[in-house]
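If you count the sequence shown from 1, position 296 lands on 280 in our numbering, and the numbers rise without skipping.
Note that CB positions come from ideal geometry on N, CA and C, so glycine has one too.
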Amino acid sequence: MPTDVHQHIWPPEFLALLRSRTAPPRLDGWTLHLPGEPPYAVDPADHDIAARARLARADGLDLALVSLSSPLGIEYLPPAEAAPLLTAFHDGALDLPAPFGVWASACLSAPEPDTEALRRELARGCAGLQLPATALLDAAGWARCAPLLEVAAEQDKPLFVHPGAAPPAGNEAPAWWPALVPYVQQLHASWFAFRAFGRPRHPELRVCFAALAGLAPLHGERLVARGGGRDRGRVDCRAFYETSSYGTRAVDSLVRAVGIDVVVSGSDRPYAAPVIPDLGADAAVHALRHANPARLLGPTKGARP
């Protein structure tokens, strides 16, 4: 089952709600406005469902998992604003044609996480839970999200950690700044926080970090040198790393650090094209696209009932 675990599509009702907003995140026609990033001209073809389905089939995919764009910051809007956007996203994404599936997202601004809403979306067929890395940067973040993570673990569903909203960088910052600096910093911090606080609390939870966790696992030697434990050689077989925006050199380096069995293929379409790294063997590509995503997603492999 060739799988891409990381894509984005905005369904029509979700687009309409973004256009109805007067404050970021909002769409003005096809121009996206976010607090921490310059205005972004969205290509309408990126969210043309029929065209994206054809593209996924051309990529040879049997499953492409669509996730909420966490940099929009929707999870942190007041509940009354977040709820209709989350509902529109889940409803529209669950109605997408094959080969699409969807990650569930949750409102994080309420005093307590809404575990019943997550149960409902997982029961409807979502492949697992997505959280922004900004929610998981430290012990307090992992503790606050614990009720949601417990629901995912109880239902044998994985967690997908995706970059969250970027802080304002100023008009002088280049357009690539958010993707290369705050997004990577968030993934670094969330990965180390996962090691220190998340994994001890959720020993059975399968977790996938977007964008190779910003290459955080490559810092294993420094972690040992600075007193972070002596288990650098032990691989967490339930912690996975998705490949979007990285190529052969980065993927090969990560495989040397954590092994081939926990690296899964993801593209971040439409923001990046899929890359099949040259790891020297067809078996490696099969692992990234077939075997490893199947183990990440569990028996249902992200399929809807």
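Classification of residue i by the beta-carbon crowding that lies within 10 angstroms, buried from 16 upward
{"i": "residue 112", "result": "buried"}
{"i": "residue 232", "result": "exposed"}
{"i": "residue 155", "result": "exposed"}
{"i": "residue -12", "result": "buried"}
{"i": "residue 166", "result": "buried"}
{"i": "residue 125", "result": "buried"}
{"i": "residue 11", "result": "buried"}
{"i": "residue 195", "result": "buried"}
{"i": "residue 129", "result": "buried"}
{"i": "residue 72", "result": "buried"}
{"i": "residue 188", "result": "exposed"}
{"i": "residue 226", "result": "buried"}
{"i": "residue 289", "result": "Low local confidence applies: a pLDDT of 42 at residue 289 is under 50, so the model's placement there is unreliable, and no value is given."}
{"i": "residue 105", "result": "buried"}
{"i": "residue 127", "result": "exposed"}
{"i": "residue 271", "result": "buried"}
{"i": "residue 110", "result": "buried"}
Reference residue i, options the options, closest by Cα
{"i": "residue 115", "options": "51, 8 and 16", "result": "51"}
{"i": "residue 176", "options": "68, 163, 199 and 158", "result": "199"}
{"i": "residue 91", "options": "81, 107, 85 and 68", "result": "68"}
{"i": "residue 102", "options": "119, 74 and 81", "result": "74"}
{"i": "residue 87", "options": "108, 270, 183 and 96", "result": "108"}
{"i": "residue 223", "options": "205, 190, 206 and 203", "result": "190"}
{"i": "residue -2", "options": "48, -10 and 79", "result": "79"}
{"i": "residue 119", "options": "159, 170 and 139", "result": "170"}
Straight-line gap, residue i to residue j (C-alpha atoms, nearest Å)
{"i": "residue 263", "j": "residue 239", "result": "9 Å"}
{"i": "residue 29", "j": "residue 253", "result": "12 Å"}
{"i": "residue 98", "j": "residue 134", "result": "12 Å"}
{"i": "residue 76", "j": "residue 228", "result": "24 Å"}
{"i": "residue 123", "j": "residue 37", "result": "40 Å"}
{"i": "residue 164", "j": "residue 251", "result": "16 Å"}
{"i": "residue 273", "j": "residue 82", "result": "17 Å"}
{"i": "residue 244", "j": "residue 268", "result": "7 Å"}
{"i": "residue -6", "j": "residue 144", "result": "18 Å"}
{"i": "residue 1", "j": "residue 259", "result": "33 Å"}
Where the alpha helix (DSSP H) through residue i begins and ends
{"i": "residue 3", "result": "-4 to 4"}
{"i": "residue 236", "result": "232 to 242"}
{"i": "residue 266", "result": "266 to 270"}
{"i": "residue 104", "result": "99 to 108"}
{"i": "residue 209", "result": "204 to 209"}
{"i": "residue 169", "result": "166 to 177"}
{"i": "residue 138", "result": "130 to 138"}
Extent of the continuous beta strand (DSSP E) run through residue i
{"i": "residue 16", "result": "15 to 18"}
{"i": "residue 225", "result": "223 to 226"}
{"i": "residue -12", "result": "-13 to -9"}
{"i": "residue 73", "result": "Run containing residue 73: none in the beta strand (DSSP E); it sits in the alpha helix (DSSP H), 63 to 78."}
{"i": "residue 37", "result": "First-last for residue 37: 33 to 42, but that is the alpha helix (DSSP H), not the beta strand (DSSP E)."}
{"i": "residue 10", "result": "10 to 12"}
Is the segment 2 to 11 touching the segment 32 to 43 in the sense that three or more CB pairs, one from each, lie closer than 8 Å? no
Is there contact between the segment 53 to 63 and the segment 143 to 150, where contact requires at least three CB pairs shorter than 8 Å? yes
Taking contact to mean 3 or more Cβ pairs, one atom from each stretch, closer than 8 Å, check whether the segment 274 to 283 and the segment 60 to 71 are in contact. no
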